[in-house]
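Mapped onto mature numbering (1 follows the signal peptide of the UniProt record, and there is no 0), the consecutive letters of the sequence shown carry residue numbers -20 to -1, 1 to 113. We put the beta carbon where it would ideally sit given N, CA and C, even for glycine. If you're wondering where the values come from, they're calculated on a predicted model, not measured in any experiment. Down below is the structure, laid out as structure tokens.
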Amino acid sequence: MKKIIAPTIILAAFPFISHAQSFQGMFSNIVRFIDSTLIPFLFGIAFLFFVVNVFRYFILGGGNPDAQESAKSLATYGVAAFVFLIIFWGIVNMLIGSLGINSEPIRSDYVNSNRSDAPNSGNDGGLPFNALP
């Protein structure tokens, strides 16, 4: 298992190491992947798990109380997975909204003050947003 994990981590971090992508861009891509691909995939698996256990409860375990009880408990786990996924999806969307990484990487809070319309057009390397009038 350790032989698989180490190369996977190295390959995942390779764009960052080779300066092909910034950490901010990599972080926003990971969060967007979780939000747009991973969570809907897990919802599909949880729904399939729930449907299979409902089928086991009503159809396959019709006369066997032990099979019905097993299917009922597993269907309850399926519902718990739905609740967990909804909470996790909400946390991911809150993270996306609060960090502002919907479509672009995270940026610093400095602006270039060398523009002609900037109030202080000196060569000071930029001013924080809250310093501008």
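Determine the contact status of PHE29 and GLY58, defining contact as a CB-CB distance below 8 Å.
-> To locate residue 29, count along the sequence shown from 1; it is residue 49. To locate residue 58, count along the sequence shown from 1; it is residue 78. Going by C-beta atoms, PHE29 is nearer than 8 Å to GLY58.
At which residues does the alpha helix (DSSP H) containing MET74 begin and terminate?
-> Locating residue 74 in the sequence shown gives position 94, counting from the first residue. Looking at the DSSP string, the run of the alpha helix (DSSP H) that includes MET74 is 45 to 79.
Would you kindly work out how many angstroms separate the C-alpha atoms of LEU79 and VAL34, rounded to a whole number?
-> Locating residue 79 in the sequence shown gives position 99, where the first residue counts as 1. Locating residue 34 in the sequence shown gives position 54, where the first residue counts as 1. Using only the alpha carbons, I get a separation of about 40 Å.
Give me the Cα-Cα distance between VAL11 and VAL72, rounded to the nearest whole angstrom.
-> Against the sequence shown, residue 11 aligns to sequence position 31. Against the sequence shown, residue 72 aligns to sequence position 92. Looking at the two C-alpha atoms, the distance is approximately 7 Å.
Please say whether ILE(-12) and TRP69 have beta carbons closer to each other than 8 Å?
-> Numbered from 1 along the sequence shown, position 89 holds the residue referred to as residue 69. Numbered from 1 along the sequence shown, position 9 holds the residue referred to as residue -12. Not in contact: TRP69 and ILE(-12) (Cβ atoms no closer than 8 Å).
For MET6, the three-state DSSP class (helix, strand or coil) = Position 26 of the sequence shown holds residue 6. Reduced to three states, the DSSP call for MET6 is helix.
Which of the three DSSP states, helix, strand or coil, is assigned to ASN103?
-> Within the sequence shown, the letter at position 123 stands for residue 103. Any reading at ASN103 needs caution, since the residue's pLDDT is 49, under 50, leaving its predicted position unreliable; the model's value is listed next. ASN103: coil per DSSP, three-state reduction.
GLY24 by DSSP, collapsed to three states: which one?
-> In the sequence shown, counting from the first residue as 1, residue 24 sits at position 44. In the structure shown, GLY24 sits in a helix (DSSP, three-state: H, G or I).
How would you call ASN103, buried or exposed, if buried means at least 16 neighbouring beta carbons within 10 angstroms?
-> Against the sequence shown, residue 103 aligns to sequence position 123. A caution first: ASN103 carries a pLDDT of 49, below 50, which makes its placement in the model too unreliable to give a value.
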